[in-house]
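Asker: To start, I am sharing the structure in question, which I have written as structure tokens.
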Amino acid sequence: DAGITQSPRHKVTETGTPVTLRCHQTENHRYMYWYRQDPGHGLRLIHYSYGVKDTDKGEVSDGYSVSRSKTEDFLLTLESATSSQTSVYFCAIRSGTGASYEQYFGPGTRLTVT
Amino acid sequence: GEDVEQSLFLSVREGDSSVINCTYTDSSSTYLYWYKQEPGAGLQLLTYIFSNMDMKQDQRLTVLLNKKDKHLSLRIADTQTGDSAIYFCAGSNAGNMLTFGGGTRLMVKP
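In order, the protein sequence lines correspond to chains A and B. This note's numbering applies: residue 1 is where the first sequence begins, and numbers increase by one. This note's numbering applies: residue 115 is where the second sequence begins, and numbers increase by one.
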């Protein structure tokens, strides 16, 4: 499982409240990713990080921010949650060297915004 | 950006072969991946193929890549009920950003 944990695993929150999801890895991987999964859309990249304090936007970054102050932790924040952000959120790390890289995923966080 | 398309649903009988298909638009995709997702779980990497290969076999799994048609398939031999899941294909670009298809739900009937 590449040593990836996500917390919380489930959360219900109200529209307009801030929410922070945490991804923790134990294997010192440089690259970390946040995706959201919605029916019919597969997984879409929200933000990613390529090192401590180094982050960049993905395909669906509006309404989300991230932070990475330590190698092992990558935080995803919804500043003011909306119902359209109800989704399952997955964290991933990149493993591999040289010519091939693989992404390995955490167990997911199911977020419901009411 | 890249588009990756998959059929939504496939139903097979236990013991038969399953073939899950995927088409992609970006001919510069360097690697193409297959992931499996069981209910309530994260994505499990099954296998991947480098873009200069035509075929890769790994136990019951065979990946075929037709670069000319931008078509990728995953064949599962002797499909078992434990293979019931959603299967995602994904393509990577030079920056190793993955673009996922919408997933194919495989149902295996006893």
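Even glycine gets a Cβ: it sits at the ideal position worked out from N, Cα and C. Treat the numbers as computed from the prediction; the structure is a model and nothing was measured.
Per DSSP, what kind of secondary structure is THR17/A in: helix, strand or coil?
Answerer: Coil, per DSSP.
Asker: Three-state secondary structure (DSSP) at ASP213/B?
Answerer: Strictly speaking, residue 213/B in this sequence is Thr, with Asp absent from that position. DSSP places THR213/B in strand when its eight states are reduced to three.
Asker: Could you check whether the Cβ of GLU102/A sits closer than 8 Å to any Cβ belonging to chain B?
Answerer: Judged by the 8 Å Cβ criterion, GLU102/A is in contact with chain B.
Asker: Going by Cα to Cα distance, which pick from LYS184/B, LYS170/B, GLN173/B, ASP192/B is closest to SER141/B?
Answerer: Measuring from the Cα of SER141/B, the nearest candidate turns out to be LYS184/B.
Asker: Using 8 Å as the limit for Cβ to Cβ distance, is LEU76/A near chain B?
Answerer: Taking Cβ atoms only, chain B never reaches closer than 8 Å to LEU76/A, which makes this a no.
Asker: Verify whether the separation of the beta carbon atoms of GLY217/B and GLU119/B is less than 8 Å.
Answerer: No, these two residues do not count as a Cβ contact at 8 Å.
Asker: For VAL133/B, does the count of other Cβ atoms within 10 angstroms reach 16, so buried, or fall short, so exposed?
Answerer: Classification for VAL133/B: exposed.
Asker: Using a 10 Å radius around the Cβ and a threshold of 16 neighbouring Cβ atoms, would you call ARG127/B buried or exposed?
Answerer: With fewer than 16 Cβ atoms within 10 Å of its Cβ, ARG127/B is classed as exposed.
Asker: Along the chain, where does the beta strand (DSSP E) that runs through ASN28/A open and close?
Answerer: Element bounds for ASN28/A: n/a, residue is neither H nor E.
Asker: Counting only the same chain and skipping the five closest in sequence on each side, list residues whose C-beta sits under 7 Å from that of TRP38/A.
Answerer: As written in the sequence, residue 38/A is Asp, which differs from the Trp given in the question. Taken in chain order, the residues that qualify are SER87.
Asker: Could you name the residues of the segment 39-55 of chain A whose beta carbon sits closer than 9 Å to any beta carbon of chain B, in the order they occur along the chain?
Answerer: Going along the segment 39-55 of chain A in chain order, one finds PRO39, GLY40, HIS41, GLY42, LEU43, ARG44, LEU45, TYR48 with a Cβ nearer than 9 Å to chain B.
Asker: Just the C-alpha distance for PRO224/B and LEU124/B, rounded to the nearest angstrom, thanks.
Answerer: Whole-angstrom Cα-Cα distance: 14 Å.
Asker: Kindly list, in the order they appear in chain A, the residues whose Cβ is closer than 7 Å to that of MET254/B.
Answerer: As displayed, chain B neither begins before 115 nor continues past 224, which places residue 254/B out of reach and without an answer.
Asker: If you compare alpha carbons, which of SER187/B, THR213/B, GLN173/B, ASN135/B is closest to ILE46/A?
Answerer: Among SER187/B, THR213/B, GLN173/B, ASN135/B, the Cα nearest to that of ILE46/A belongs to THR213/B.
Asker: Would you please state the rounded distance, in angstroms, between the beta carbons of ASP117/B and THR139/B? I believe it to be under 8 Å.
Answerer: Between THR139/B and ASP117/B the Cβ distance is about 5 Å, and since that is below 8 Å, they are a contact.
Asker: At a Cβ cut of 9 Å, what residues of the segment 163-189 of chain B count as close to chain A, listed as they run along the chain?
Answerer: Going along the segment 163-189 of chain B in chain order, one finds PHE164 with a Cβ nearer than 9 Å to chain A.
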